[in-house]
Structure formats: C-alpha cells, structure tokens
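Only one structure is covered here, and it is reproduced in the block below.
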Amino acid sequence: MTTTTTMPVRPADPADVATIADVLSAAFFDDPVFRWMFPDPTRRARALPPSFALFARAYQPLGASHVSPAGGAALWAPPGVEAFPDEEELAADIGAIAGPDAGRVFIVLELLGERHPADPAHYLNLLGVRPDRQGHGIGSSLLRAATRRCDEAGEPAYLEATSERNRALYERHGFVVVGEIALPDGPSLWPMWREAATGR
1 MTTTTTMPVR PADPADVATI ADVLSAAFFD DPVFRWMFPD PTRRARALPP SFALFARAYQ
61 PLGASHVSPA GGAALWAPPG VEAFPDEEEL AADIGAIAGP DAGRVFIVLE LLGERHPADP
121 AHYLNLLGVR PDRQGHGIGS SLLRAATRRC DEAGEPAYLE ATSERNRALY ERHGFVVVGE
181 IALPDGPSLW PMWREAATGR
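Terminal number for the sequence shown in full-length UniProt numbering: 200, no gaps in between.
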C-alpha cells in the first residue's frame, strides 16, 4: 500500500521573497546545472541568494507560486505570462549579480528559451527543498498544489529538470521527458511536459 505524505503549502506572498531565495539557494547549491553555471563555490554562495531573490520577485506577483513552511518553494508562471518581459533588464541584472559567471548563465537561459514550448502551459521555473528537509514529501506537496490547479483548469504544465533526482520526482507526478538539453562540457537538463489529468 502506498501512503501519501502531505506537508503544509500556501500561496507565496511578497513577504516570502527572502525566504524563497534562502530556500532555493540551499536547495540548488550542489545541483549539477548550478555548479556548472557557478563553478567556484565561493562565487556560487555569493551569487545564488540575489539570483533567486530576483526570480522570486518576478514570479511571486504572478499568483501561481507556493511556499511550504516546512522548507520548500516553487516558482510558477501561468500560461502565456512572462515573468521577465524586459529581456535587456534581466540581462543587466544577471550581469551585475553573476559577474564573471554571467556568460554561463546566459548560455543556460538561451538554451532554455530555444526549447520552451510554443503551446501555452503552466511553467515551473524552480522548485526546491532545503537539503535537510528533502525526502519528507515537501516537494511532492508543492507539486500537488500546482498540478491540482492545472487539472482543474484542464491545462498542461512544463518544466526543465536539472538533475536525475529532480527528474524522478517530476515523473512520479505525471511529467514526461520530451527532450534533453546538454550544456557545453557539462550536465544535461530535461524538458518535461504534463498533460492535464482527467477523471480525478
């Protein structure tokens, strides 16, 4: 028999930006893609918090992101909504934050943009759980909060998995790998798509 652990999840509000940045910085510090973007651990530790704060400030007002007081966060954009409509402003912000590693960040963003689906879908930009809280159902609870909304609306969802472990989590929630993005001399990301479930 399979049991489902449900952890508390609520919509993110503006006061959560700093917490979201802190959670995601811890969650992704040893992630293969973020290690590739920021090879030096000291620079990575310095760049991740303001990077994730930038994304949290952009995604939270869109009304689809969630946090778990247990130590998790997920940044979502509704179908057809751009979190960063001004690409030049985003590039300037990333350049200021990432410094010598900005070129690698831009490579990742460009590759993700090239593979982003043309069809409207709910987009999961980032989902992370503090390392010491992983394996307790927080990531699954965050995913269920969003996929339930997708199913109720009859709309698909899209994301890019940055590790084998993340990919396995998303597969358990109905996402299917639809390709691979190989970084130059680095790890891969996996674009994943989920059709809305019916009859639930």
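For glycine and all other residues, C-beta sits at the position ideal for the given N, C-alpha and C.
Check the Cα spacing between proline 184 and each of Cys150, Val105 and Arg149: the tightest is with Val105.
Proline 49: member of the alpha helix (DSSP H) spanning 41-59, first to last residue.
Cβ-Cβ distances below 8 Å link leucine 112 to Glu160, Ile181 and Leu189 in the same chain, with the five nearest sequence neighbours on each side left out; the list follows chain order. Assignment of arginine 172 by DSSP, reduced to helix, strand and coil, places it in the helix class. Ranked by Cα distance from aspartate 31, the options Ser163, Trp193, Glu171 and Val178 are led by Ser163. Assignment of serine 25 by DSSP, reduced to helix, strand and coil, places it in the helix class. Judged by beta-carbon spacing, arginine 144 lies beyond the 8 Å limit of glycine 174, meaning their Cβ atoms are not closer than that value. Residue state for glutamate 160 is assigned as strand, using DSSP reduced to three classes. Between the segment 130-137 and the segment 3-17 there are three or more inter-stretch CB-CB distances shorter than 8 Å, so the stretches are counted as touching.
By the C-beta density criterion, threonine 198 is exposed, having fewer than 16 other C-beta atoms within 10 angstroms. With respect to the 8 Å criterion, alanine 26 and arginine 130 are classified as neighbours on the basis of their beta carbons. The C-beta separation of isoleucine 97 from proline 61 comes to about 20 Å, leaving the pair out of contact by the 8 Å criterion.
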